[in-house]
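> Got a structure for you, questions after.
Numbering (the numbering used here), first residue to last: 157 to 691.
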């Protein structure tokens, strides 16, 4: 009997540990992954409703309607002028309006990212700080989710390269005139979108001035700031824009601004002070109460201070508007998260040994942007609104509009921008209403009168603003009857002496009543009635 040798033991091939460069590349990819995922979210429908409404107005302006005469809105003209670009692209290419606008916004974000990279050249950055800025800046530009392309989002995007430039200027680092003036012009247009936005550059320049005074003495620091051409260039752009409004858009100051002061400023449920108790602004206030003292410590880096100043300016802008809407705090979210992550990165640079910091910089940055992204998604609208689009009100109205009013004109009698927009944009339909919504009627009827007063004002009792809405809706409707009438069940007006019904209100006008007789109820869905022409 022969003895067989024992079989050799089986071996399992273990994976080789990643080399240092491979680990670095994996961490780098992971650090940019959250921004890439948020990019997919913002490109998915729905487009933000306010952005969609402004786009619809710009498209109508492009086709011949007159801004602030046929198109009445509270926004200053710059946002409509800028939105003419995607409106024109949509009219000249196969892209629809939302796609063209998203393309333009991606170009703006890409430009801001490039300017930020140029503004960082030659700065002394810690390795963790540099890794965080590499991936944190693009994340800040897309983390607003559903509020992507809002005016507040645009302000936050331009504030990032401007804050980095401000840090360079305060430190006295040489900066090319072309780069400095390019960032200044870019930022000036973003801050000019709303007058409230000027709080951000004002606070940033205050930080620059204080830093110069600390480093150079107050007299020399003040002289340096007064000789700095960047703020003067921006102020010149704002002055020229302000002077151009009465020249090219005289109706804005003559007619729209009085309407805003009379009916829009106080339209809402919050006062200037109790809005701080609302979920959006209240959360932002608590976050800033923690963030700002940490950011303005003596040992904090200057770049952290200017970013924190931009965040504080964004918060003041939201507070002044005292509406408590989510998009008002979008720049606080974008700039605040970037500031907080930057503070953590700067702390890591000081707490870790140089070798340890260099080895873990990308991984630390990836962990920061990942944690922030999860936290924002957990408590925010995106990406859940995008996932639910087909089943929520905007998706349902979009489906109905594509069926009944694709490419058509329609009269919209609603107090709300959402979900009418972006449904009209996706259906390539145009509203015939001179205002985006019936917010003027909301302003007129926001308070109940005497218990025995009629539900609606008679024509001789109407204010100029109410009579304008009453007359123009009826006359425009009778002169060129649209294919569809979309009417909201909820008027957004208190039930004083009866429910306010838009159809009942406007049918008191003989022109509207005669024209509406040619329409019949066709469908009702998610709180909206749809009427189509009988012929």
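Note that the Cβ used here is the ideal one computed from N, Cα and C, for glycine as well.
Remember, predicted model here, so these are calculated numbers, not experimental data.
#1: Taking only runs of the alpha helix (DSSP H) that begin and end inside the segment 398-461, which ones reach a length of at least 4 residues, in chain order?
#2: With a threshold of 16 other CB atoms inside 10 Å of the CB of residue 174, please say whether the residue is buried or exposed.
#3: Closer than 7 Å by C-beta to residue 618: which residues in its own chain qualify, once you throw out the five before and the five after it? Chain order, please.
#4: Considering only their Cβ atoms, is the gap separating residue 307 from residue 349 smaller than 8 Å?
#5: Can you give me the start and stop residues for the beta strand (DSSP E) that residue 677 sits inside?
#6: With DSSP collapsed to three states, give me the class of residue 685.
#7: Residue 644 lies in the beta strand (DSSP E); which residues open and close that run?
#8: Which residue comes first and which comes last in the beta strand (DSSP E) that contains residue 565?
#9: Does the segment 333-343 come within contact of the segment 560-577, defined as at least 3 CB pairs closer than 8 Å?
#10: For residue 231, which of 395, 390 and 413 has the nearest alpha-carbon?
#11: Do the segment 266-274 and the segment 229-248 make contact, defined as three or more Cβ pairs closer than 8 Å?
#12: Give a yes or no on whether the C-beta atoms belonging to residue 564 and residue 679 are separated by under 8 Å.
#13: On a CA-only basis, which of 664, 544 and 576 is nearest residue 558? Give me that one, please.
#14: Specify the secondary structure class of residue 306 as computed by DSSP and reduced to three states.
#15: Rounded to whole angstroms, how far is the Cβ of residue 646 from the Cβ of residue 599, which I believe are closer than 8 Å?
#16: Helix, strand or coil, according to DSSP, for residue 573 in the structure here?
#17: Spatial neighbours of residue 668 within its chain, please: C-beta separation below 6 Å, excluding the five flanking residues on both sides.
#18: Taking the CB atoms as reference points, tell me whether residue 340 and residue 389 lie closer together than 8 Å.
#19: CB residue 614 to CB residue 597, shorter than 8 Å?
#20: I'd like to know if the segment 309-328 and the segment 536-543 are in contact, where contact means that at least 3 CB-CB pairs between them fall below 8 Å.
#21: Whole angstroms are fine: how far does the CA of residue 434 sit from the CA of residue 440?
#22: When you compare only the Cα positions, how much space is there between residue 199 and residue 295?
#23: Can you tell me the Cα-Cα spacing of residue 637 and residue 478, whole angstroms?
#24: If we ignore side chains and look at the alpha-carbon of each, how far apart do residue 375 and residue 356 end up?
#25: Quick one, are the C-beta atoms of residue 681 and residue 552 less than 8 Å apart?
#26: Going by other Cβ atoms of all chains shown within 10 Å of its Cβ, with 16 needed for buried, is residue 453 buried or exposed?
#27: Relative to the C-alpha of residue 590, which residue among 184, 213, 281 and 195 is closest?
#28: Give the single residue among 447, 391, 365 and 329 whose Cα lies nearest to the Cα of residue 493.
#29: Taking all protein chains shown into account, do 16 or more other C-beta atoms lie within 10 angstroms of the C-beta of residue 430, making it buried, or fewer, making it exposed?
#30: In three-state terms, what does DSSP make of residue 299?
#31: Could you tell me which of 451, 641 and 353 sits nearest to residue 474, measuring between CA atoms?
#32: Where do the ends of the alpha helix (DSSP H) carrying residue 206 lie?
#33: Here's a check: name, in chain order, each residue in its chain whose Cβ is nearer than 6 Å to the Cβ of residue 671, leaving out the five neighbours to either side.
The answer reads as follows:
#1: Complete alpha helix (DSSP H) runs here, min 4: 435-451.
#2: Note that residue 174 scores a pLDDT of 41, beneath 50, so its modelled location is shaky; the value from the coordinates is reported in the next line. Answer is exposed; the Cβ neighbour count stays below 16.
#3: Only 626 meet the Cβ criterion.
#4: With respect to residue 307, residue 349 sits close: the two C-beta atoms are nearer than 8 Å.
#5: Here the beta strand (DSSP E) through residue 677 covers 675-681.
#6: Strand, per DSSP.
#7: That run of the beta strand (DSSP E) goes 640-644.
#8: Start and end: 565-569.
#9: With contact defined as three or more Cβ pairs closer than 8 Å, the segment 333-343 and the segment 560-577 are not in contact.
#10: The candidate whose alpha carbon is nearest that of residue 231 is 413.
#11: Not touching, per the Cβ criterion.
#12: Using a Cβ distance threshold of 8 Å, residue 564 and residue 679 do not count as a contacting pair.
#13: When each option's Cα is compared against that of residue 558, the closest is 576.
#14: Coil, per DSSP.
#15: With a Cβ gap of about 16 Å, residue 646 and residue 599 do not count as contacting.
#16: Under the three-state reduction of DSSP output, residue 573 falls in the coil class, being neither helix nor strand.
#17: When the five nearest sequence neighbours on each side are left out, the beta carbons in the same chain lying within less than 6 Å of the beta carbon of residue 668 are those of 630, 633 and 662, in order along the chain.
#18: Cβ distance < 8 Å, so residue 340 and residue 389 count as in contact.
#19: Going by C-beta atoms, residue 614 is not nearer than 8 Å to residue 597.
#20: Too few Cβ pairs lie closer than 8 Å, so no.
#21: It is roughly 10 Å from the alpha-carbon of residue 440 to the alpha-carbon of residue 434.
#22: Each residue's alpha carbon lies about 14 Å from the other.
#23: When the Cα atoms are used, residue 637 and residue 478 turn out to be separated by approximately 38 Å.
#24: Looking at the two C-alpha atoms, the distance is approximately 25 Å.
#25: With respect to the 8 Å criterion, residue 681 and residue 552 are classified as neighbours on the basis of their beta carbons.
#26: Label assigned to residue 453: exposed.
#27: Closest option to residue 590, Cα to Cα, is 213.
#28: For residue 493, the closest of 447, 391, 365 and 329 by C-alpha to C-alpha distance is 447.
#29: Counting Cβ neighbours within 10 Å, residue 430 comes out exposed, since fewer than 16 surround it.
#30: When secondary structure is reduced to three states using DSSP, residue 299 falls in the coil class, being assigned neither helix nor strand.
#31: For the residues 451, 641 and 353, the minimum Cα distance to residue 474 belongs to 353.
#32: Counting along the chain, the alpha helix (DSSP H) containing residue 206 begins and ends at 205-218.
#33: 633, 634 and 637, listed in sequence order.
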